[in-house]
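Chains S and Z supply the protein sequences, listed in that same order.
Mapping to my numbering: the first sequence position 217 is 217, numbers consecutive.
To get my numbering, take the position in the second sequence, counting from 1, and add 1000.
All C-beta atoms, glycine included, are put in the ideal place defined by N, C-alpha and C.
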Amino acid sequence: MRPERLVLLAATLALGVGCPGKITEPSQPVTVMELPDAGSLARSARGNLRFKGPERLTNDFSNALGLNADEVCTELGQYQCAGLVHTVALGGVDPFGRGLYEPSGVTAVTTPLVVDRMAFSACTRRVDKDLATPGAALIFKGLPQTGAKLANVDGPELTTAIGELTHRALQRDPYTNEVARYLQLAKDIEASGNAEPARAWMQAVCFAVLSSAESVFY
Amino acid sequence: MTPGSPSTRWSAFVVLLAGAALAKPPAGGVFCATYPSAPECVGKQPSCAYCHVAPPQRNVFGASLEAKLVPGASRPLSDGDFSMALPAALKAVEALDADGDGVSNLVELQQGTHPADPGSKPVDRACQGSTNPQFSVCRYDLRYVYKKVLLDFCGASPTFTETKAFTAMTDDASRTAFLGTELDRCLQSEFWRGKNGQLWKVAHPKIRPLGSLKEGEDKGGVPLADYYDDYALFAYSQTDDHDAREVLTADFFVRRTTNPTRYTRVADLPLSQKVDRAHRAGNMTTAWTLTYFVMFTALPRNAASQMYRAYLGLDIAKQEGLYSVPNEPQDYDAKGVQAAECAACHATLDPLTYPFRNYNGISSAMYATRYIPNRLELGFSTLAPRITQTPEAGVIFGQRVNDLREWATVAANSDAFAISTTTDYWKLLLGHHPRPDENAEFVATWKRFKGEHQHRVQKLLHDIVKTEAYGAP
């Protein structure tokens, strides 16, 4: 099944924009892919998905959002979420302190909470930066606003932002249903009466991508 | 001759039979003589748990077997009678399905699944459905492997641009070559070899650090020894073109430098390591091992069993790796280990421990973490009447060794060491012990590691990455 080619030239305008994080490669044109019929997909015979764990999650979130690793998530503003506070919940070890020499091998009840915590923290930081300096924005760039609202919730620049985020977090182009879902999300947030719907949408779409199964397992 | 080879198995079998009067468990050897190609017998032997919940209590497979074992004969059977009768009993239950999982005992033991565990049975890996746009889930997929290699060894996904460039390569040969280069690049990364990196994670259960006792960098509250030296030797032995066996056999130490992390061989570490060169055996004789595993003990069974577990994958507490030695245990330290419930394991464990007799822990400040000739005579002579008769010679895998360095050499050259090392990385990279359907690839991998690759971990890692087990989504 071949992807639908919808190259959005607007994305190429961002070429050469410097990124504050580790990954500084220029933006790539966004192609929205047609989602295959789920019923026709081949089923994995092995099904050996692995949770990324503390270090890989931190690195991938950091790279995806152009943040330094220590900016991804801290508790009380100073204790690293993955490297210190929630290491074991994320499947890590604590050999020197608690004598936990090997990971448990399974995700815990609190693991999803910590993943959500990290994703939301990192996304909040990225959105804050992009809104603070729109000229140097990494992901949510070129999004016209009217006050605190997005000027055009159907605009191609939103699709470009979704594509940029998907490229950086999932290393692929977005599917049509993903784009449609996130555009609808913008309308839903605006309709909800949120005081800052533009910011809330950016945080929400970022969170949805970073906390997805595709993002946290490999 | 190494453990697991047919000749070794038969040697062990004969040794076990010779020890019949001491109630040594010969079942593993007889089983493997009956089914030499069973996965449980390739480089190892089934543990007691194959037939027992905890001896003498049998699991469902053991119970079905027991019923066919010279029915009517008085119990307990002698080891000799048991050994003679077991092959026929095994044959008699081949067609049965002890755990009721729908798979016969024979198929389970041929496939390497557990005949007493209904949750363990051969898995049908047949592919279903058509194709996926991202990965080919039914076969080795280079795109999938590329992402995994970067995550597993570099610690981060490739970027979108890198992924596209990889996909755009002209053919699989180019992609395969590029993957090899990327793997080598990642093996230099801090994520892989740096402090608290992936190699250190493999080492944690072997070294079993304790922060409060740490000396030197990151000093603890009661600093006794610097286990970072142990991590350094471990990491050194697993990187570049170094021989992994040196983790047990090295008569040198390794210094770690940072930014970037490098491991460099040095003759001595006078500030932290005290065992003289002639008596060093890699991480078995470091200051940390002697501090933590020997500590105040005359006969440090804990040290021997931990080395056996950590570097050979044989956990005596789980009744693994039992190669009973005739006329053992002697119980030189009068701990009561000749009791029947103790002797089955101690007939293996105590002869493993004797070569540690002169390695001092922290029982004397003057002699702390050193090799002291006549250590038992100097410091423990009043502990038990026969303690000073403890020999330095011991036995590992049924083979006599004169001292700990010989112990280390036999251990490092064994199939068990190659299997254990390969298992370490299999678990790290796949997240589980080798599964029955992965057994053929696993066996081929550890045999190449031991043979063709001469115990080079870097080459082992390239091999694992090339397996279907690793590379088929």
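For Z/V1325, which residues in the same chain have their Cβ closer than 6 Å to its Cβ, ignoring the five residues on either side in sequence? Here the set comprises A1347, P1351 and V1395.
Taking Cβ-Cβ distances shorter than 9 Å, what residues in chain S pair up with Z/R1208? P95, G99 and Y101
Let me know if Z/V1457 comes out buried or exposed under the rule of 16 or more other beta-carbons within 10 Å of its beta-carbon. In summary, Z/V1457 is buried, with 16 or more beta-carbon neighbours lying within 10 Å of its beta-carbon over all protein chains present.
Classification of S/M118 by the beta-carbon crowding that lies within 10 angstroms, buried from 16 upward: That one is buried.
Around the C-beta of S/S40, are 16 or more other C-beta atoms found within 10 angstroms, so that it is buried, or is it exposed? exposed
So the candidates are Z/P1385, Z/L1269, Z/T1176 and Z/A1033; which of them puts its Cα closest to the Cα of Z/A1298? Z/P1385
Hey, could you find the ends of the alpha helix (DSSP H) Z/T1257 is sitting in? Element bounds for Z/T1257: not the alpha helix (DSSP H) but the beta strand (DSSP E), F1253 to T1257.
With burial defined as no fewer than 16 other Cβ atoms inside 10 Å of the residue's Cβ, what is the status of Z/R1301: buried or exposed? buried
Start-to-end residues for the beta strand (DSSP E) that takes in Z/Y1263: Z/Y1263 -> beta strand (DSSP E) spans R1262 to V1266.
Taking buried to mean at least 16 other C-beta atoms within 10 Å of its own C-beta, is Z/T1008 buried or exposed? Low confidence applies here, because Z/T1008 scores a pLDDT of 43, under 50, leaving its location unreliable and the question unanswered by this model.
Counting only Cβ-Cβ distances shorter than 7 Å, please list the residues of the stretch 201-213 of chain S near chain Z, keeping chain order. Result list empty, no residue passes.
Sort Z/F1061, Z/K1450 and Z/F1135 by Cα distance to Z/L1096 and report the nearest one. Z/F1061
In three-state terms, what does DSSP make of Z/I1474? One cannot answer for residue 1474 of chain Z here, as it falls past the ends of chain Z, which runs 1001 to 1473.
Looking only at C-alpha atoms, which of Z/T1286, Z/D1240 and Z/A1472 sits nearest to Z/K1274? Z/T1286
Candidates Z/S1420, Z/D1229, Z/T1239 and Z/A1073: which alpha carbon is nearest Z/V1254's? Z/D1229
In whole angstroms, give me the CA-to-CA distance for Z/V1070 and Z/D1184. 58 Å
State the CB to CB distance for the pair S/V153 and S/E190, rounded to an integer number of angstroms; the pair is presumed to be in contact (CB under 8 Å). Indeed they touch by this definition, with Cβ atoms about 6 Å apart.
Going by Cα to Cα distance, which pick from S/P26, S/M33, S/G135 and S/Q28 is closest to S/N177? S/M33
Residue-level contact to chain Z via CB, S/S44, 7 Å cutoff: yes
Can you give me the C-alpha to C-alpha distance between Z/A1368 and Z/G1361, rounded to a whole angstrom? 6 Å
I'd like to check one pair, Z/K1318 with Z/S1120: are the Cβ atoms closer than 7 Å? no
Could you list which residues in chain S have their beta carbon closer than 8 Å to that of Z/H1204, in chain order? V93, P95, Y101 and E102
Could you name the residues of chain S that Z/S1157 contacts, counting a contact when the two beta carbons are closer than 7 Å? Within chain S, the residues near Z/S1157 are D60 and Q171.
Going by DSSP, name the residue or residues bridged to S/P203. At residue 203 of chain S the sequence reads Gln, which differs from the Pro that was named. S/Q203 is not bridged to any residue.
Could you please give the first and the last residue of the uninterrupted beta strand (DSSP E) stretch that includes Z/A1479? In the structure as shown, chain Z begins at 1001 and stops at 1473. Residue 1479 of chain Z is therefore absent and cannot be evaluated.
Would you identify the three-state DSSP class for Z/R1301, choosing helix, strand or coil? Judged by DSSP in its simplified three-state form, Z/R1301 adopts helix.
Cβ-based contacts, 8 Å cut-off: residues of the stretch 167-200 of chain S near chain Z: H167, R168, Q171 and R172
Can you give the Cα-Cα distance for Z/P1133 and S/P36, rounded to whole angstroms? Linking Z/P1133 to S/P36 through their CA atoms gives a straight-line distance of about 8 Å.
Within this structure, are the beta carbons of Z/E1468 and Z/Y1140 separated by less than 7 Å? Z/E1468 is a Cβ neighbour of Z/Y1140, given a cutoff of 7 Å.
What span of residues does the beta strand (DSSP E) with Z/I1396 cover, start to end? Where Z/I1396 is concerned, the enclosing beta strand (DSSP E) stretches over G1394 to I1396.
Residues in its own chain within less than 7 Å of Z/D1295 by CB, not counting five upstream and five downstream? Looking at the sequence itself, residue 1295 of chain Z is Met, so the reference to Asp does not match. Around Z/M1295: G1361 and I1362.
Below 7 Å between beta carbons: does that hold for Z/L1142 and Z/D1171? no
The beta strand (DSSP E) enclosing Z/V1401, as first and last residue numbers: In the DSSP assignment, Z/V1401 falls within the unbroken beta strand (DSSP E) covering Q1399 to V1401.
Spell out a yes or no on whether the stretch 203-211 of chain S and the stretch 91-108 of chain S are touching, meaning 3 or more CB-CB pairs, one atom from each, closer than 8 Å. no
Using the three-state DSSP reduction, which class does S/Y218 fall into: helix, strand or coil? coil
Do you know offhand how far Z/Q1454's Cα is from Z/I1419's? 13 Å
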